[in-house]
Amino acid sequence: EKGGWPNFMSKEISEEPEAVANTLLGRVTDGLVQLDELAELDQTLRDIDRVTIVACGTAAYAGMVGKYAVEQWARVPVEVELAHEFRYREPVLSERTLVVSISQSGETMDTLMAVKYAAEHGAKTLSICNTQGATIPRESDAVLYTHAGPEVAVASTKAFVAQITALYLFGLHLARLRASLDERAHRDLVTELTDVPAKIDLVLDTSERISELAHWMADTRSVLFLGRHVGYPVALEGALKLKELAYIHAEGFAAGELKHGPIALIEPGQIVFVVVPSPRDERSLHAKVVSNIQEIRARGARVIAIAEQGDAAVLPFADEVIQIPLAGPFFEPMLAVVPLHIFARDLATAKGLDVDQPRNLAKSVTVE
Ligand code: BG6
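Numbering (full-length UniProt numbering), first residue to last: 248 to 615.
Shown next as structure tokens:
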């Protein structure tokens, strides 16, 4: 079943390109996103004034990536909330709220209860799910399936990139219904999305260096992850994977928050992963993150940068640079997360741990 791989997680990381490609299949017509499965929801989607994403764990981080894109493209406010926090604070809901749940298994009790609460309080519900016929999609008004294929390893990998893909499809569909994006921009984004699987393949083909680093770091006690914009949830996901698989204390931060607290943690020898935005980005986020790297280095910490190929500005300051192919800002997370998945897997392997079945965790948590 593992198809020659030493564990399911390795197989599933290798399937990240297909997870994206299969989730796109049949959903793009003549260069435009068309989601027939949401047809019944189309009028609702024209009318909503807010999207609330509910999910847990890795799925919530995919939701955070999706928030940036859906808001940008469809010009609808999007919030992301951990499903278990949602229904205990009397959230403001109306028939113009769309609650989007994200769940690989479709059985996570926390997420299911949030969906039920939303439906009972008049909101419309859309499920993004990887498991056909699971409970959450059955309880929702509509479903957009991810087609990552069965995920066996407890910690989620390929489902994450498939969830981002589904959210981007949803964002483009919503933008089309609401005429918030011009057609040229829509087509360019679809092209970028379609190019992602081949780019992930390139990342996988050049993953030796990250594996070496992971093996050298088997004794590491603490790792920090920084990212900005869509790189921020990637930092959170990198940290979560390391906790789950390698039992190492790890924290993800928004890079802009560094100076507001986390910089106090920076000391000689501390390892800090930094997800670097593209230098081609117009919003000067690249320069800001490079300056964060300098601040970290000045305090003696070791920086592993995940940066775009040809990004010369990071080279003098980072101890290691893991290169990813050129991509638009929204597509970098789907590439940058791959080395982080590999790093966590290989560090756990170096420590002799079971990467498919980490201690204390279950694949789907069906209790609240
Ligand atoms: C956790 C799993 O319990 O649930 C994580 O260990 C997962 O890997 C999270 O991200 C959410 O699961 P699901 O099935 O709702 O996506």
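Heads up, the beta-carbon is just placed ideally off N, CA and C, and yes, glycines get one too.
For Val346, no alpha helix (DSSP H) segment is defined; the enclosing uninterrupted segment is the beta strand (DSSP E) at Thr344 to Ser350. The beta carbon of Met311 sits closer than 6 Å to those of Val327 and Pro480, all from its chain and outside the five residues before and after it, given in chain order. About 5 Å separates the CB atoms of Ile375 and Leu391; that is less than 8 Å, so the two are in contact.
Looking at the DSSP output, Ile495 bridges to nothing. With 16 or more other CB atoms across the displayed protein chains lying within 10 angstroms of its CB, Asn269 is buried. In this structure, the straight-line span from the alpha carbon of Leu483 to that of Glu287 is close to 35 Å. Here DSSP, grouped into helix, strand and coil, assigns Val325 to strand. Ranked by Cα distance from Ala559, the options Asp289, Ala370, Arg527 and Ala609 are led by Arg527.
Considering only Leu587, Leu345, Pro580 and Gln319, the residue with the shortest C-alpha distance to Gln290 is Leu345. By the Cβ rule, the segment 445-459 counts as touching the segment 565-573, because three or more pairs are nearer than 8 Å.
Taking a cut-off of 8 Å for Cβ pairs, the segment 505-521 and the segment 424-432 do not touch, as fewer than three such pairs fall below it.
The residue from Pro338, Ala595 and Ser469 with its alpha-carbon nearest to that of Arg549 is Ser469. For Gly304, the distance from the CB to the nearest heavy atom of the ligand BG6 is below 7 Å. The Cβ neighbour count for Lys249, taken over all protein chains shown within 10 Å, is under 16; the residue is labelled exposed. If you look at Lys371, you'll find it in the beta strand (DSSP E) that goes Lys371 to Cys376.
In the three-state DSSP reduction, Glu386 falls in the coil class, being neither helix nor strand. Counting C-beta atoms within 10 angstroms of its own C-beta, His462 has fewer than 16 neighbours from the protein chains shown and is therefore classed as exposed. In this structure, Ile349 lies away from Ala409, with their beta-carbon atoms at least 8 Å apart. In the three-state reduction of the DSSP assignment, Ala302 falls in the strand class, which pools E and B. The criterion of a C-beta distance shorter than 8 Å is satisfied by Leu532 and Arg475.
DSSP lists Glu555 as the beta-bridge partner residues of Ile571. With respect to Val437, Leu419 sits close: the two C-beta atoms are nearer than 8 Å. Between the segment 593-604 and the segment 248-263 there are three or more inter-stretch CB-CB distances shorter than 8 Å, so the stretches are counted as touching. For Glu615 and Asp277, the gap between their C-alpha atoms comes out near 44 Å. Comparing alpha-carbon positions, the option among Asp294, Ala266 and Ile495 lying closest to Met464 turns out to be Ile495. Looking at the backbone, the Cα of Val585 and that of Ala552 are separated by about 13 Å. Placement of the Cβ of Val612 at a distance of less than 7 Å from at least one heavy atom of the ligand BG6 is found. Per DSSP, Gly418 is one residue of the alpha helix (DSSP H) stretching across Lys405 to Leu424. Annotation for Ala395: Ala266, Asn377, Lys405, Ala406 and Ala409 place their beta carbon closer than 6 Å to its own, counting only its chain and skipping 5 residues before and after.
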